[in-house]
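Asker: Would you mind keeping the following structure in view while I ask a few things?
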Ligand code: NAD
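Shown next, in the form of structure tokens:
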């Protein structure tokens, strides 16, 4: 069945069919590299669409949860083959709707394929628990059962990997799903859903509803038949979701914002440190929750490090992601770029110094896109807003400190606690950092790139709920049912 209406508007996918939203209201998604390139027209769906999708997922649950886990995995293996075959198509759609360079987009899809193979393999390892009973002739056990209908609400920065990391583990665990992609990047979710349909998943197991956070997202979170909300996005929206979900005691998993520090202290190979820091900061134009946002360096090595960072930043080629030489694409939208402009003004007002970059790129090849220069800000003190908040763009903040104790204090001087790194040749400093930094993930002599089969998540205002454990994330998608069995 066709995924678009006669008016060329993409449809929702509900109960195994591509269906028009009941509304007239549609919006256009354009390419952040060229706003004249229309990626597609999408519905601004309503609470009614959400209700239909949730009810269809609720009905499908009765069938899907009874399918043996190893058979559920067979559906997913079929889907993964299709994902692999459609790598190029998905990569190009991702580059076009989100703006990241094509090679980064293809890497995201490839990563999705390999992570989902791991997830599908976990289907047969949804282990429960047995413990000896206090009584003779009694067997005690706890088995895992799916929590029910799950709402997957995703952001625009990894529009292939994030939906996969939610939808596939949920399905493997026996839950059914309603996926709501970010408003900016629905096309990749349409393609993923199409491939799940082609993998012959039973009607209603996966549903897609496209639209705004306020209408579709809110209605999903508040729906009484939704038993779990897996959300990745900003801390502010995460807080609203937590409040709404609490009213129905709905289980939540919230993967939120970050403002990730990289400390450099007693590290000989500054060339390596600088390379890893710029890779950690500017990938995906700095729009990664795990992006390094602040480099905190001991005075002794600060000048040399700053010089190396500037050289590397100036060598980056900014451009359209389809150009193979591009290292940094546009940011996702005009409003994202305006946020960066505002932060630059604030930084100057607070007395910081923009060492390199700091401006929108608007001339020539950049005139139709949302481009922003890769930026380094120095002369920053830890209490400035630019040091404490998540900027979410190609911007690195450099803070000089006079001791390692101060480096730890400054690292922790933010509401966030997602990931952190330390570059040092001194084992004692490395271990102290590991122990004292308030962060869900810590990297030693390593940028902030995580691996899919490892637990992933943050502390403080960076996350709530069970860490998404690479793999099935079974502590979120299942609960334990306890059984006492008496035999004579
Ligand atoms: P966002 O919070 O604006 O939106 C995320 C999703 O929530 C979108 O689908 C949006 O439509 C939806 N939404 C908005 N309002 C809603 C509401 N009231 N109820 C329900 N849903 C609603 O985030 P974004 O701008 O898409 O993404 C950037 C943010 O995501 C950054 O803060 C980044 O750090 C964070 N992020 C975190 C992780 C992580 O794993 N911790 C990963 C990627 C991105």
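Residue numbers (this note's numbering): 180 to 667.
Positions of the beta carbon are idealized from the N, C-alpha and C atoms, including for glycine.
Starting from the C-beta of residue 276, find all residues in its chain whose C-beta is less than 6 Å away, skip the five residues before and the five after it, and write them out in chain order.
Answerer: Counting only Cβ-Cβ distances below 6 Å, and skipping sequence neighbours, we find 208, 218, 364, 366.
Asker: Say yes only if the C-beta of residue 361 is nearer than 6 Å to one or more non-hydrogen atoms of the ligand NAD, and no if none qualify.
Answerer: Flag set: Cβ of residue 361 near the ligand NAD.
Asker: Taking 6 Å as the line, does the beta carbon of residue 434 fall inside it for any heavy atom of the ligand NAD?
Answerer: Yes; taking the cut-off as 6 Å, the Cβ of residue 434 has a heavy atom of the ligand NAD nearer than that.
Asker: For residue 279 versus residue 463, is the C-beta distance shorter than 7 Å?
Answerer: Going by C-beta atoms, residue 279 is nearer than 7 Å to residue 463.
Asker: Three-state secondary structure (DSSP) at residue 622?
Answerer: It is a strand residue.
Asker: Does DSSP put residue 214 in a helix, in a strand, or in coil?
Answerer: Note: residue 214 maps to strand in three-state DSSP.
Asker: Can the beta-carbon of residue 475 be found closer than 7 Å to that of residue 442?
Answerer: The answer is yes: Cβ separation under 7 Å.
Asker: Should residue 379 go down as buried or exposed, given a rule of 16 or more other Cβ atoms within 10 Å for buried?
Answerer: The residue is exposed, with fewer than 16 neighbouring Cβ atoms inside 10 Å.
Asker: Report the residue from 643, 449, 601, 412 whose alpha carbon sits nearest the alpha carbon of residue 684.
Answerer: Missing from the structure shown is residue 684; the chain here goes from 180 to 667 and no further.
Asker: How would you write the range of the beta strand (DSSP E) that residue 407 sits in, first residue to last?
Answerer: Per DSSP, residue 407 belongs to the beta strand (DSSP E) from 405 to 411.
Asker: If we count the other Cβ atoms within 10 Å of its Cβ and call it buried at 16 or more, is residue 538 buried or exposed?
Answerer: Result: exposed.
Asker: CB of residue 392 to nearest heavy atom of the ligand NAD: below 6 Å?
Answerer: Yes.
Asker: Taking the alpha-carbon of residue 599 as reference, which of 557, 252, 542, 621 has the nearest alpha-carbon?
Answerer: Among 557, 252, 542, 621, the Cα nearest to that of residue 599 is on 621.
Asker: How would you call residue 605, buried or exposed, if buried means at least 16 neighbouring beta carbons within 10 angstroms?
Answerer: With fewer than 16 other Cβ atoms within 10 Å, it is exposed.
Asker: Closer than 8 Å is the cut-off here; do at least three beta carbon pairs connect the segment 610 to 617 with the segment 577 to 593?
Answerer: The segment 610 to 617 is in contact with the segment 577 to 593.
Asker: Any beta-carbon of chain D closer than 7 Å to the one on residue 280?
Answerer: Absent from the structure is chain D; it holds one protein chain and no more.
Asker: Give, in chain order, every unbroken run of the beta strand (DSSP E) that is at least 3 residues long and sits entirely within the segment 312 to 372.
Answerer: Counting whole runs of 3 or more residues, the segment 312 to 372 contains the beta strand (DSSP E) stretches 317 to 325, 328 to 332, 355 to 359.
Asker: Kindly give me the distance between the Cβ atoms of residue 290 and residue 631, rounded to whole angstroms, as I take these residues to be in contact under 8 Å.
Answerer: Confirmed, about 6 Å.
Asker: What residue range does the beta strand (DSSP E) around residue 599 cover?
Answerer: Where residue 599 is concerned, the enclosing beta strand (DSSP E) stretches over 598 to 602.
Asker: Run through DSSP, which three-state label would residue 432 get?
Answerer: Three-state DSSP puts residue 432 in a strand.
Asker: Determine the closest residue to residue 501 out of 270, 530, 327, 667, with distance taken between C-alpha atoms.
Answerer: Residue 270 is the option with its Cα nearest to residue 501.
Asker: Take the Cβ of residue 332 as the centre, count every other Cβ of all protein chains shown within 10 Å, and call the residue buried at 16 or more, exposed below.
Answerer: With 16 or more Cβ atoms within 10 Å of its Cβ, residue 332 is classed as buried.
Asker: Can you tell which of 435, 391, 587, 428 has the C-alpha that lies nearest to the C-alpha of residue 473?
Answerer: Closest option to residue 473, Cα to Cα, is 587.
Asker: Between residue 660 and residue 305, is the Cβ-Cβ spacing less than 7 Å?
Answerer: For residue 660 and residue 305, no; Cβs fall outside 7 Å.
Asker: So residue 616 is in the beta strand (DSSP E); what residue range does that whole segment cover?
Answerer: Here residue 616 belongs to no beta strand (DSSP E), and DSSP marks it neither H nor E.
Asker: Report the CB separation of residue 235 from residue 200 in whole angstroms; it is logged as a contact under 8 Å.
Answerer: No, residue 235 and residue 200 are not in contact; Cβ-Cβ is about 14 Å, not under 8 Å.
Asker: Check the DSSP bridge columns for residue 634 and list the partner residues they point to.
Answerer: In the DSSP output, where bridge partners are listed per residue, residue 634 has 648.
Asker: Candidates 663, 647, 188, 190: which alpha carbon is nearest residue 434's?
Answerer: Ranking 663, 647, 188, 190 by Cα distance to residue 434 puts 647 first.
Asker: Residues in the same chain with beta-carbon distance under 6 Å from residue 627, minus the five sequence neighbours each way, listed in chain order, please.
Answerer: Once the five neighbours on either side are set aside, the close Cβ partners of residue 627 are 439, 459, 469, 471, 598, 600.
Asker: Identify which residue in 419, 249, 283, 555 has its Cα closest to the Cα of residue 508.
Answerer: The shortest Cα separation from residue 508 among 419, 249, 283, 555 belongs to 283.
Asker: On a CA-only basis, which of 285, 357, 251 is nearest residue 300? Give me that one, please.
Answerer: It is 251.
Asker: In three-state terms, what does DSSP make of residue 309?
Answerer: DSSP places residue 309 in strand when its eight states are reduced to three.
Asker: Assess, as a yes-or-no matter, whether the segment 370 to 384 is touched by the segment 301 to 320 under the definition of 3 or more beta carbon pairs within less than 8 Å.
Answerer: The segment 301 to 320, when compared against the segment 370 to 384, does not touch it at the 8 Å Cβ threshold.
Asker: In three-state terms, what does DSSP make of residue 518?
Answerer: Here residue 518 sits in helix by DSSP.
Asker: Compare the Cα-Cα distances from residue 318 to each of 310, 325, 324 and report the closest residue.
Answerer: Comparing Cα-Cα distances from residue 318 to each of 310, 325, 324, the minimum goes to 310.
Asker: For residue 463, does the three-state DSSP call read helix, strand or coil?
Answerer: It is helical.
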